[in-house]
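Input: a single structure, listed below in structure tokens.
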Amino acid sequence: MEFDNSFYALVALIIFLGLALYFGIHTIIAKMLDAQIKKIADDLAEAKKLREEAAALLVEYEQKRVAAESEAAGIITAAKEEATRLTAEAQTALADLITRRTKSVEDKIAQAEAHAVAEVRARSADVAIEAARLVLTDEMNRKGGQVVDKAIADVGNRLN
Numbered sequence: 000m001e002f003d004n005s006f007y008a009l010v011a012l013i014i015f016l017g018l019a020l021y022f023g024i025h026t027i028i029a030k031m032l033d034a035q036i037k038k039i040a041d042d043l044a045e046a047k048k049l050r051e052e053a054a055a056l057l058v059e060y061e062q063k064r065v066a067a068e069s070e071a072a073g074i075i076t077a078a079k080e081e082a083t084r085l086t087a088e089a090q091t092a093l094a095d096l097i098t099r100r101t102k103s104v105e106d107k108i109a110q111a112e113a114h115a116v117a118e119v120r121a122r123s124a125d126v127a128i129e130a131a132r133l134v135l136t137d138e139m140n141r142k143g144g145q146v147v148d149k150a151i152a153d154v155g156n157r158l159n
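So, in structure tokens, the structure goes:
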């Protein structure tokens with residue numbers, strides 16, 4: 000009987016598989032596969048844990064973002080209120096300043112007016128005195144002796 004190459008290949012395969020089973024290669028392969036499965040399971044568990052931590056961090060940062068936005072909105076509102084208050088105070092202060100300056104200017108105008116009136120009166124009085132002096136001088140020059148005589152007589156009558 001003649002055996003072809005396929006037969007010898009089959010016999011060699013059976014012997015190889017027999018030796019592999021005899022030396023426990025299948026258990027070694029099973030252990031390697033189990034170790035690989037365990038490693039993959041551990042990696043998946045670690046990935047799941049990291050995913051949960053990332054989700055928790057995302058929620059935490061989202062809460063912080065919302066809190067920061069509300070705080071920023073509060074700061075903006077407070078700044079607007081402060082600006083409105085400062086504007087109102089500035090307008091009030093400006094109105095008070097304008098009122099004080101107006102009163103000061105009006106007082107200065109009134110003082111200047113009173114000074115001008117007093118100066119006009121003083122000048123009028125000086126002019127009236129000068130006119131009276133001129134009139135009296137002229138009168139004295141024309142009737143000088145008579146007025147003096149009459150004044151002396153009048154003084155004499157009053158003394159008696």
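Going by numbering that gives the first Met the number 0, 133 is the number at position 134 of the sequence shown; the sequence numbering is gapless.
We treat Cβ as the ideally placed atom computed from N, Cα and C, and that holds for glycine.
Reducing DSSP to helix, strand and coil, say where residue 1 ends up. coil
Distance, Cα to Cα, residue 135 vs residue 119? 23 Å
Given this structure, state the Cα-to-Cα distance separating residue 63 from residue 55, to the nearest angstrom. 12 Å
Determine the contact status of residue 34 and residue 25, defining contact as a CB-CB distance below 8 Å. no
Does residue 22 come out as helix, strand or coil in the three-state DSSP assignment? coil
Please list the segments of the beta strand (DSSP E) lying wholly inside the region 47-83, counting only runs of 3 or more residues, in order along the chain. none
Hey, how far is the Cα of residue 84 from the Cα of residue 70? 21 Å
Straight-line CA distance for residue 5 to residue 15? 15 Å
Measuring straight from C-alpha to C-alpha, what distance separates residue 53 and residue 86? 48 Å
Rounded separation between residue 42 and residue 32 - CA only: 15 Å
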